[in-house]
Amino acid sequence: MISGVRADAFVESPGMGLKLSVRKAVMHDIPPILDLINGYASKGVMLPRTEFELSEAIRDFTVVTRGTELLGCGALHFYSPTLAEIRSLAVDEHAKTLGVGRRLVEALVREAQDYELDAAFAFTYVVEFFQKVGFHVVERGVLPLKAWKDCVRCPKFQACDEIAVLRVLRPGNWTASQPEIWGQSFGSPDDQFIQIPTPRNL
Ligand SMILES: CC(C)(COP(=O)(O)OP(=O)(O)OC[C@H]1O[C@@H](n2cnc3c(N)ncnc32)[C@H](O)[C@@H]1OP(=O)(O)O)[C@@H](O)C(=O)NCCC(=O)NCCS
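For the sequence shown, position 116 matches number 129 in the numbering used here, and the numbering has no gaps at all.
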């Protein structure tokens with residue numbers, strides 16, 4: 014079932030000795046997801062989210078839990094019939110490096126495949142992590158302008174140091190559709206009003 018509330022996997026976690034559950038988020042997950050994301054946002058590594066935004070987007074979210082404890086979250090946000098962003102990916106400080114992040118990305122990629130998407134991308138500071146889970150670094154120009162719409166409220170808008178990473182899911186389709194969809198002359202009217210963040214000079 015696509016996007017249903019389900020437990021995708023129950024796995025033994027070698028590092029914690031307890032079962033982890035990977036499932037789609039439900040409404041009672043909103044407070045711990047907000048705590049997790051906004052905790053990282055206060056350190057400048059993620060964009061903050063509000064309860065309103067989370068309620069609107071809760072169907073995008075997958076979570077990893079251990080019993081009643083939420084250890085991590087991540088969201089799959091659609092941009093077009095072929096492309097989605099993996100975002101709001103966060104693992105509790107105490108559960109890092111135990112495979113929670115990998116399980117979240119794997120579940121989100123499976124969901125993207127269920128929806129027949131050609132590729133998934135992310136903007137990130139943790140490039141090595143994304144490379145370990147099958148993504149590669151791409152030029153920003155490879156992504157549609159709509160992907161930058163949230164950036165206007167980012168404090169780093171004038172000096173963006175996030176890296177774009179992409180995982181192609183259907184290579185034949187992606188290569189064939191990319192130039193047509195993202196070529197300059199094919200931008201939608203909405204795209205013309207989107208400002209792109211200024212890359213930081215490294
Ligand atoms: C990035 C993050 C999601 C990774 O989650 P995690 O559960 O610690 O990652 P995993 O344990 O599943 O790691 C998977 C692999 O990536 C590696 N990895 C994890 N974090 C890494 C990092 N910061 N730098 C380099 N490699 C990293 C792990 O060593 C592991 O490698 P292995 O398969 O060779 O053992 C987590 O550190 C986090 O929440 N960071 C703060 C918020 C953030 O930056 N989110 C990303 C927004 S796009």
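All C-beta atoms, glycine included, are put in the ideal place defined by N, C-alpha and C.
Buried or exposed for residue i, please, with buried defined as at least 16 other CB atoms from any protein chain shown within 10 angstroms of its CB.
i	result
V155	exposed
K32	exposed
S55	exposed
R100	buried
P184	exposed
M40	exposed
F148	buried
Please work out which residues of its chain come closer than 8 Å, Cβ to Cβ, to residue i, disregarding the five sequence neighbours upstream and downstream, and give them in chain order.
i	result
N186	T95, D131
Ordered along the chain, which non-local residues of its own chain (more than five positions away) have a Cβ less than 6 Å from that of residue i?
i	result
P45	L83
Q126	L182
E124	L89
Could you check where the beta strand (DSSP E) with residue i kicks off and where it finishes?
i	result
R153	From DSSP, R153 is part of no beta strand (DSSP E); its letter is neither H nor E.
E124	It is not in any beta strand (DSSP E) - E124 instead sits in the alpha helix (DSSP H) that spans 113 to 127.
S101	96 to 104
Which residues bound the alpha helix (DSSP H) around residue i?
i	result
L47	43 to 54
K145	140 to 145
For residue i, write down the residues that DSSP places opposite it in a beta bridge.
i	result
L83	T78
Check this for me: beta carbons of residue i and residue j, under 7 Å apart or not?
i	j	result
V104	G114	yes
A97	A133	yes
C143	V178	Looking at the sequence itself, residue 143 is Phe, so the reference to Cys does not match. Yes, Cβ-Cβ distance for F143 and V178 is below 7 Å.
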